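Reading through the structure tokens given below for one structure.
Residue numbers (the numbering used here): 406 to 578.
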């Protein structure tokens, strides 16, 4: 959880009274100390918190300073492309283009800070509009969206006709 947890909440969660819960936690604290683990439990008034041992600080800092590298799936890349080229865009518009639900992909892209909410549409339901972030530009080594590669008109028309044919097939089924 990252923060301390009150003894009363722990007791309620494990179904014991506070005295028994305190004894259980102190027993866990002793076992962690004896087994020389990298974590410990500390007591803060009537709360407890699991944290890293002070001796492990140097290792933790080395890990924490390593930048996280996310690998984008094909679905996420496809969704990101739609957002980048059509922004601001709603999830519904993304789903119309992709033909499938895109909630998970959009949520991951938000989590990775590649896209964010840029506003809301002024229509009933006020759907969220998504756009790319500064982090998107940084990760793809471009200074502005103007640097995104453009599709030639012939390729664009080919994609459009394929999509229209596919949509027509779905309507005929």
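By construction, the Cβ of each residue, glycine as well, lies at the ideal position given by its N, Cα and C atoms. For clarity, every value in this text was computed on a predicted model and none was experimentally measured.
Note the first and the last residue of the continuous beta strand (DSSP E) segment covering residue 409.
No beta strand (DSSP E) contains residue 409, which DSSP labels as neither H nor E.
Does the beta-carbon of residue 545 have 16 or more other beta-carbons within 10 angstroms, so that it is buried, or is it exposed?
Exposed.
Taking DSSP as the reference, what is the three-state secondary structure of residue 526?
Coil, per DSSP.
To which residues does DSSP link residue 448 through a beta bridge?
Answer by DSSP bridge pairing, in chain order: 453.
Going by DSSP, name the residue or residues bridged to residue 535.
Residue 535 is bridged to 494 and 522.
Using the rule of at least 16 other Cβ atoms within 10 Å of the residue's Cβ for burial, across every protein chain shown, is residue 426 buried or exposed?
Buried, because 16 or more other Cβ atoms sit within 10 Å of the Cβ of residue 426.
Kindly list the residues whose CB is nearer than 7 Å to the CB of residue 470, restricted to its own chain and excluding five residues on each side of it in sequence; keep chain order.
Counting only Cβ-Cβ distances below 7 Å, and skipping sequence neighbours, we find nothing.
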